[in-house]
Amino acid sequence: MNMHEIAQGIHWVGAVDWDVRDFHGYSTLEGTSYNAFLIIDEKITLVDTVKHTHQHDMMHRIRRLIDPAKIDYIVVNHAEFDHSGSLAAAMEIIKPEKLICSAMGKKSLMDHFHHTDWPYEVVKTGDEISLGERTLSFIETRMLHWPDSMFTFCKEDGILFTSDAFGQHLATSERFDDQVDLGRVMTQAAKYYANILYLYSPLVKKLLAQIQQMDLDIKMVAPDHGVIWRSHIDKIIASYESWSSHESEQRALVIYETMWRSTEAMAKAVASGIESCGVPVDLINLKVNHHSDIMTRVLTARALVLGSSTLNNGLLPYMAGFLSYMRGLKPQNKIGAAFGSYGWSGESVKMLNEAMSEMKLDIIDEGIRVKFVPTHDDLAGCVELGKRIGAAVLADNPTTS
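Note that the sequence shown ends on residue 661 in my numbering; no numbers are left out.
Set out below in structure tokens:
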């Protein structure tokens, strides 16, 4: 078996993007991969394609195996351009008999590429297509994370092609989870979930239950980003179960933005109070931490303590932006509190509490406001706030993972 043959007759023909550092606002400091798979059978099938910037990489890998014109079917599990950006060029070269996708996938592809004459073959959950020695079956996974999303299962090899689910933005020359440090892979898998799938957690839970009921003999989980799961499938499934259930750890995050360091001093005092209770705490300055990395920590933290100075009767800009981003991802099962300094109007703490209430966080304290520079007594009050937060984390953590 060569390094790109993931099972007999099934080849990885994707591309590794070593250079990408931003993925529509998501920091990708370890790059990513765009995974595509070629199944050699009586009906040769290409499962997904790659971003248009890497279409030549994919076609080069295919040509090393076969003449692309011999490909009979193309399966599109998801129409987003990082998976379909090279589809139009591939269609010109391959001219497949069938372009297999979900009903919403057909609509999405037509909206993206405006080709009504492509040979669409619409499938739904439970449908099967024979390739010869192999059979592909399909599972619609709407809103994970687009309406068009679906999984493709190769029964005979036990490979579940999962599009974005179970993916990681991780550039490696290795193709499997047991070839890369597992901690590194899981960190990127958690970041992917926290920033892409978090708000769809109820649908993730339903999908996991559905797959369990289907009793599929899964030997590999092959996402469209990152490494393929073969040795740690149980671990990533268990992690998705935990994340989609909003299970949390006994950990607090103190997330803040400061102007003249008064709010920073308060943040440090709050963190000190939390730590004194024996609760681990992360002190996170929004100016030097990317919002997508912060969301990775939010995923499993029990307490979110937010701090901002007041600026122009509102919040500082990094905090305002982070709240907008976090609100869209809908974290749950968390407690919250707020603090901040001000000069004359002092709306920030109220606005932080309102934002957390809108997200249905359990606000355990009205918070602390300090005018201009905190005194020793003010900081002592911040320590006490931290202690109340720490006590709440220890007393009320019903879903500890």
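Just so you know, even glycine gets a beta-carbon here, dropped at the ideal spot from N, CA and C.
The DSSP-derived three-state label of F283 is strand. In summary, N337 is buried, with 16 or more beta-carbon neighbours lying within 10 Å of its beta-carbon over all protein chains present. Distance from the Cα of D332 is smallest, within the candidate group A350, S346, H320, for A350. Approximately 5 Å separates the beta-carbon atoms of Y286 and N455; this is inside 8 Å, confirming the contact. With the rule of 3 Cβ pairs closer than 8 Å, the region 342 to 349 does not count as touching the region 455 to 468. The criterion of a C-beta distance shorter than 9 Å is not satisfied by A597 and V643. Assignment of K451 by DSSP, reduced to helix, strand and coil, places it in the helix class. The beta carbon of T376 sits closer than 8 Å to those of M370, all from its chain and outside the five residues before and after it, given in chain order. Under the DSSP assignment, P462 falls outside any beta strand (DSSP E), being part of the alpha helix (DSSP H) whose first and last residues are 461 to 474.
Within its own chain, the residues whose Cβ lies closer than 6 Å to the Cβ of A563, once the five positions on either side in sequence are excluded, are A512, I595, I649, V653, listed in chain order. Of the other Cβ atoms in all chains shown, 16 or more fall within 10 Å of the Cβ of K303; this residue is therefore buried. For D408, no beta strand (DSSP E) run applies, since DSSP gives it neither H nor E.
The shortest C-alpha to C-alpha distance from L404 to any of A527, L325, D424 is the one to D424. According to the DSSP secondary-structure assignment, Y585 is paired through a beta bridge with no residue.
Under the DSSP definition of a beta bridge, S423 partners with P483.
Counting only unbroken stretches of 3 or more residues, the beta strand (DSSP E) elements lying wholly within the region 600 to 637 are 628 to 631, in sequence order. The beta carbon of G427 sits closer than 7 Å to the beta carbons of Y452, P483, D484, H485, G486 from its chain, once the five residues preceding and following it are set aside; these are given in chain order. Remark: C-beta atoms of L359 and I334 approach each other more closely than 9 Å.
Using a 10 angstroms sphere on the CB of K366, the tally of other CB atoms reaches 16 or more, which defines it as buried. Bounds of the beta strand (DSSP E) holding V382 are 380 to 383. Pairing F599 with I628 gives a Cβ-Cβ distance under 9 Å.
A267 has its alpha-carbon roughly 38 Å from the corresponding atom of E509. Under the Cβ criterion (8 Å, minimum of three pairs), the region 520 to 531 does not count as touching the region 463 to 474. Beta-bridge partners assigned by DSSP to W272: F297.
Our two residues, I534 and G567, have alpha carbons roughly 15 Å apart in a direct line.
By the neighbour-count definition (other C-beta atoms within 10 Å, threshold 16), F632 is an exposed residue.
Of the candidates V530, T635, S617, V530 places its Cα closest to the Cα of G646. When C-alpha distances from F421 are compared across W604, E434, L298, Y602, the shortest belongs to L298.
One thing to note: M519 has its Cβ no nearer than 9 Å to the Cβ of L575.
Burial check for R490: the Cβ neighbour count within 10 Å reaches 16 or more, so the residue is buried. Rounded to the nearest whole angstrom, the C-alpha separation of D282 and D637 is 43 Å. Around the beta carbon of V548, a 10 Å sphere encloses fewer than 16 other beta carbons of the protein chains shown; the residue is thus reported as exposed. Looking at R394, S390, E357, the one whose alpha-carbon comes closest to that of W378 is E357. In this structure, the CA atom of D279 is about 31 Å from the CA atom of K355. About 4 Å separates the CB atoms of R321 and V273; that is less than 8 Å, so the two are in contact.
Between the C-alpha atoms of A580 and H316 there is a straight-line separation of about 41 Å.
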